[in-house]
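Enquirer: First residue of the sequence shown? That's 484 in the numbering used here, and the numbers climb one at a time after it. For glycine and all other residues, C-beta sits at the position ideal for the given N, C-alpha and C. Quick caveat, the model's predicted, so the values are computed rather than measured.
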Amino acid sequence: GDYVWPRNACYNPGGWCWYHANSARFRERLESLSSPRYASAEHVQRFSSSFLVELHEWSKADAVAWSEMSTPSICRALGFRCRSFEKTCLGEPFVHNGKVSPHEWAATLKDPERANRLYHALKF
């Protein structure tokens with residue numbers, strides 16, 4: 484896909500604190516495309532080169548938003564392929580406040596089922 488993010492994507496305009504953190508040009512561009520605003524988790528993201536070029540163009544035009552809103556909104560508005568990472572790519576825990584002991588982390592690295600996955604920055 485052109486934009487890939489963790490499966491725990493969220494969107495709640497009534498409760499997400501950064502819903503209004505976007506420029507007038509960002510809103511105008513989305514409105515001209517009849518596209519709503521979206522939000523997704525941003526712990527790990529992968530972008531295609533063509534999507535990065537598009538993000539750069541929006542940024543140069545001051546069509547910007549909070550990062551969790553900007554990338555999924557632009558991706559969907561322009562018809563790029565958007566999807567979440569497969570669960571098999573992500574390790575557990577995969578949250579911003581994930582905690583493991585140094586012993587648990589060492590065991591994870593030795594386990595072939597868990598070693599080659601993406602992990603959010605863990606706290607020891």
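When the Cα atoms are used, what is the spatial distance from Arg597 to Gly574?
Expert: 6 Å
Enquirer: Let me check understanding here. Comparing Cα to Cα, which of Phe509, Leu513, Glu511 and Tyr521 lies closest to Trp499?
Expert: Of the listed residues, the one whose Cα sits closest to Trp499 is Tyr521.
Enquirer: Does DSSP put Ala548 in a helix, a strand or coil?
Expert: strand
Enquirer: Among residues of its own chain, excluding the 5 on either side of Glu537, which ones have a beta-carbon nearer than 8 Å to its beta-carbon?
Expert: Ile557, Leu561 and Phe563
Enquirer: Does the structure place the region 546–557 close enough to the region 506–526 that three or more beta carbon pairs sit under 8 Å?
Expert: yes
Enquirer: How far does the beta strand (DSSP E) with Arg566 in it reach, from first residue to last?
Expert: Where Arg566 is concerned, the enclosing beta strand (DSSP E) stretches over Cys565 to Ser567.
Enquirer: Name the two residues that bound the continuous alpha helix (DSSP H) containing Glu537.
Expert: Unbroken alpha helix (DSSP H) run through Glu537: Ser532 to Lys543.
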